[in-house]
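Just below is one structure, and these are the notes that go with it.
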Amino acid sequence: MLPKVQSPTSRRMITLEVRRTDRTSPTFSTVTLGGPELEHLLPTGFDQAVRLFLPRAGQTGLTMPTLSNEAWMAQVLLLPKSRRPWVRNYTIRRVRPELGEVDIEFALHGPTPACSWVLGARPGDQAGIFDMGRTYLPPPDAEAQLLVADESAVPAVLAILENAPDSLAAEVFLEVPETADIRKDVVAPAGVRVHWLARDGSAEVPGRLALDAVKDAALPPGLSYTWAAGESGLATGVRRHLVRDRGVAKADIAFFGYWRHGRSSPG
Ligand SMILES: Cc1cc2nc3c(=O)[nH]c(=O)nc-3n(C[C@H](O)[C@H](O)[C@H](O)COP(=O)(O)OP(=O)(O)OC[C@H]3O[C@@H](n4cnc5c(N)ncnc54)[C@H](O)[C@@H]3O)c2cc1C
19 MLPKVQSPTS RRMITLEVRR TDRTSPTFST VTLGGPELEH LLPTGFDQAV
69 RLFLPRAGQT GLTMPTLSNE AWMAQVLLLP KSRRPWVRNY TIRRVRPELG
119 EVDIEFALHG PTPACSWVLG ARPGDQAGIF DMGRTYLPPP DAEAQLLVAD
169 ESAVPAVLAI LENAPDSLAA EVFLEVPETA DIRKDVVAPA GVRVHWLARD
219 GSAEVPGRLA LDAVKDAALP PGLSYTWAAG ESGLATGVRR HLVRDRGVAK
269 ADIAFFGYWR HGRSSPG
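Shown next as structure tokens:
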């Protein structure tokens with residue numbers, strides 16, 4: 019059975035500041051966070067994710083939990099709303115330890131807590147991170163892989179591909195809102211084929227195009243590991259299809275609902 023998550027061996031709450039923001043395409047904005055506390059992050063690469071703490075509108079600063087164990091959440095919930103931060107999950111897209119910087123790529127999707135914060139973020143604004151580890155954990159002998167994501171997990175897949183060994187052979191399906199969100203500069207081993215899918219105004223729930231593309235695709239011969247993440251219906255739909263229609267063993271599929279259509283993240 020594949021492990022679901024590789025948890026960090028040591029971690030602590032880290033408070034950083036916005037250094038800059040970069041709107042890279044209609045949907046994506048990269049926020050660079052930095053500061054001396056970043057030395058406490060042990061970068062693992064791949065899809066390493068963090069809890070991201072953001073101040074709510076109207077708060078004068080960020081209140082971070084002080085506990086770096088599982089009790090942090092109770093500590094946050096006990097804070098009065100006037101001081102309680104928003105807590106969301108995001109991927110560490112890149113780390114530059116020598117500069118004390120991390121990049122997080124946000125897929126913008128509406129006037130939500132995270133997206134509103136990104137659009138208003140200015141250098142010097144505070145944000146906090148807490149390492150949650152990584153979930154892309156292929157067995158060392160995985161011959162061919164399938165990676166599937168909507169825009170929320172595009173940063174994770176791009177980081178996975180950048181960290182992958184040269185021997186990786188994979189079919190990759192990435193769904194984004196617009197053709198203009200498609201990246202021309204994907205860094206990946208030669209045996210990786212990336213298929214971009216753009217909704218371009220269709221009213222489909224994110225993830226449907228990627229799921230349909232996987233259903234229509236010829237899967238790589240010797241498929242031995244699948245990683246799928248994005249809207250919950252995409253993640254569960256890919257798993258259901260592979261198991262029911264393609265005879266893939268459940269144990270060879272890692273799938274993660276990064277968000278749920280019509281539901282806010284708790285926190
Ligand atoms: C491990 C992990 C890593 C993640 N990494 C990233 C990342 O690097 N970049 C990234 O952009 N997201 C990432 N996500 C997804 C992100 O945490 C969610 O999209 C989150 O809900 C965004 O918070 P919010 O405040 O914008 O919206 P919420 O307050 O949580 O939700 C408000 C409304 O927006 C909808 N919504 C939420 N997310 C999306 C979306 N992506 N597209 C369309 N509608 C949405 C909800 O259904 C709800 O109706 C990750 C999630 C996980 C679990």
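Using the numbering used here, read the sequence shown as starting at 19 and increasing by one per residue. Every residue, glycine too, gets a C-beta built ideally from N, C-alpha and C. Computed from a predicted structure; not experimentally measured.
- H213 carries a strand assignment under DSSP once its states are collapsed to helix, strand and coil.
- In this structure, DSSP gives V166 an extended state, which the three-state scheme calls strand.
- In this structure S250 does not touch D270 by the C-beta definition: roughly 20 Å separates them, more than the 8 Å allowed.
- For the 8 Å CB-CB criterion, L59 and R106 do not form a contact.
- Boundaries of the beta strand (DSSP E) around A67: A67 to L72.
- Taking every protein chain shown into account, the CB of E169 has 16 or more other CB atoms within 10 angstroms, so this residue is buried.
- E189 sits in a strand when the DSSP states are folded into three classes.
- Annotated as proximal: G146 and L80, with beta-carbon spacing under 8 Å.
- Ligand 1 never approaches I32 closely enough for any of its heavy atoms to be under 7 Å from the residue's Cβ.
- Q24 has R152 as its beta-bridge partners, per DSSP.
- For G280, the secondary structure class from DSSP, reduced to helix, strand or coil, is coil.
- Distances between the C-beta of G128 and the heavy atoms of ligand 1 include at least one below 7 Å.
- Residue state for N107 is assigned as strand, using DSSP reduced to three classes.
- Taking E57 as reference, the option from K22, F148 and T48 with the minimal CA-CA separation is F148.
- A distance below 8 Å separates the beta carbons of R37 and T50.
- Taking a contact as a CB-CB distance under 8 Å, the pair V166 and A228 counts as one, their CB atoms being some 6 Å apart.
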